[in-house]
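Numbered according to our numbering, the sequence shown spans residues 910 to 1042. For every residue, glycine included, the Cβ atom is placed at its ideal position computed from N, Cα and C. Everything below concerns the one structure shown next.
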Amino acid sequence: MSYSEKVIDHYEHPRNVGSFQKSDGGVGTGLVGAPACGDVMKLQIKVSAEGIIEDAKFKTFGCGSAIASSSLVTEWVKGKTLDEAAKIKNTEIAQHLALPPVKIHCSVLAEDAIKAAIADYKKKNGLEEDAAQ
Ligand code: FES
């Protein structure tokens, strides 16, 4: 199978690889795995006092599509509120990267990771999870 140019670009030049220090304030961490393939993705967000995602980083131990999906999501969430970032859908990621059907679960991993990071941030900061989300 062939990867789209966007996947290859993010794979070869991943944006925002790394992690934040636990001691950094306002950090939420999402760590998720794909049971189907065993790939693992860690995605972190840094949230301002106003509730805006100022920065995001990831470390993905997985396939090219998973790396590209997490790289893309870290770019997309910057400048968004938590609620806006929680609305990112794996279908948007898959569409943007032109992922083939067998690689859709890689974009699901990225959606799960950002949701987990937001949930972690909310839990740490005593914010209610919005049940309607
Ligand atoms: Fe499993 Fe891509 S093959 S995340």
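Review point. In the DSSP assignment, what residue or residues form a beta bridge with G939?
Key: L952
Check whether the region 923-938 and the region 963-983 are in contact - that is, three or more C-beta pairs closer than 8 Å. A contact is defined here as three or more CB-CB pairs under 8 Å, and the region 923-938 meets this definition with respect to the region 963-983.
- prompt: What's the C-alpha gap between K996 and G939?
  reply: Near 16 Å, if we compare the C-alpha coordinates of G939 and K996.
Endpoints, the alpha helix (DSSP H) within which K1033 is located: 1013-1033
Practice task
Report the three-state DSSP secondary structure of K968 (helix, strand or coil).
Solution key: strand
message: Let me check one thing: in DSSP terms, what residues is V926 bridge-paired to?
response: Answer by DSSP bridge pairing, in chain order: F967.
- Query: Leaving out five residues before and five after A1026 in sequence, what residues of the same chain have Cβ atoms less than 7 Å from its Cβ?
  - Reply: G937, T938, G939, L952, Q953, I954
Check: Which whole-angstrom value is the C-beta distance of H1005 and A943, which I expect to be below 8 Å?
Finding: Going by Cβ atoms, the distance from H1005 to A943 rounds to 19 Å, so no, they are not a contact pair.
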